[in-house]
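Participant: One structure, as structure tokens, below. Some questions next.
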């Protein structure tokens, strides 16, 4: 029999991973086993950055059809919604591993004050959604003559 030195950090990581998996399973439906676990919930990655005259938002949503993407603005909250359709013809018994995720997503972002939502534009090309939010015009004080 070989002696193996016990490392308490290994056990902590083991239990932490098991604990994380427990919560993943309780919050989202899961397909596959522990080695090829695939969540049916997904969220696209988003970059938000400042340009000279507007705020740019880009979201990577490959595999999503343009007609399944929507952008809404309500009370300074911009919301992206969409759905990626799965391949229903392939049964999950045929997979060795399935990591691509399908289903609907929703992301929301608070916009700066005084944004004119009528001037927001969105373009979808090659799996990337680009949204341009014009910056609000700076208010300049108006001098009033006293009579």
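In my numbering, the protein residues as written are 242 to 388. Heads up, the beta-carbon is just placed ideally off N, CA and C, and yes, glycines get one too.
Between the region 308 to 320 and the region 335 to 342, do three or more beta carbon pairs fall short of 8 Å?
Facilitator: no
Participant: To which residues of the same chain is residue 355 closer than 6 Å at the C-beta, ignoring the five residues directly before and after it?
Facilitator: 377
Participant: Hey, residue 350 and residue 289: beta-carbon distance below 8 Å or not?
Facilitator: yes
Participant: Starting from residue 362, trace the beta strand (DSSP E) both ways and give me its first and last residue.
Facilitator: Per DSSP, residue 362 belongs to the beta strand (DSSP E) from 362 to 366.
Participant: For residue 307, does the three-state DSSP call read helix, strand or coil?
Facilitator: helix
Participant: Quick check on the DSSP output: the beta strand (DSSP E) that includes residue 296 runs from which residue to which?
Facilitator: Its beta strand (DSSP E) spans residues 295 to 301.
Participant: With distances taken Cα to Cα, identify the nearest neighbour of residue 364 among 324, 383, 308.
Facilitator: 308
Participant: Rounding to the nearest angstrom, what Cα-Cα distance links residue 379 and residue 310 in this structure?
Facilitator: 32 Å
Participant: Give a yes or no on whether the C-beta atoms belonging to residue 369 and residue 352 are separated by under 8 Å.
Facilitator: no
Participant: Taking just the CA atoms, how far does residue 294 sit from residue 324?
Facilitator: 31 Å
Participant: Leaving out five residues on either side along the sequence, give the residues of the same chain with a beta carbon under 6 Å from the beta carbon of residue 322.
Facilitator: 311, 347
Participant: Give me the Cα-Cα distance between residue 276 and residue 340, rounded to the nearest whole angstrom.
Facilitator: With a pLDDT of 43 at residue 276, under the threshold of 50, the modelled position of this residue cannot be trusted; read the value that follows with caution. When rounded, the distance between both Cα atoms is 10 Å.
Participant: Between the Cα of residue 292 and the Cα atoms of 381, 386, 372, which residue gives the shortest distance?
Facilitator: 372
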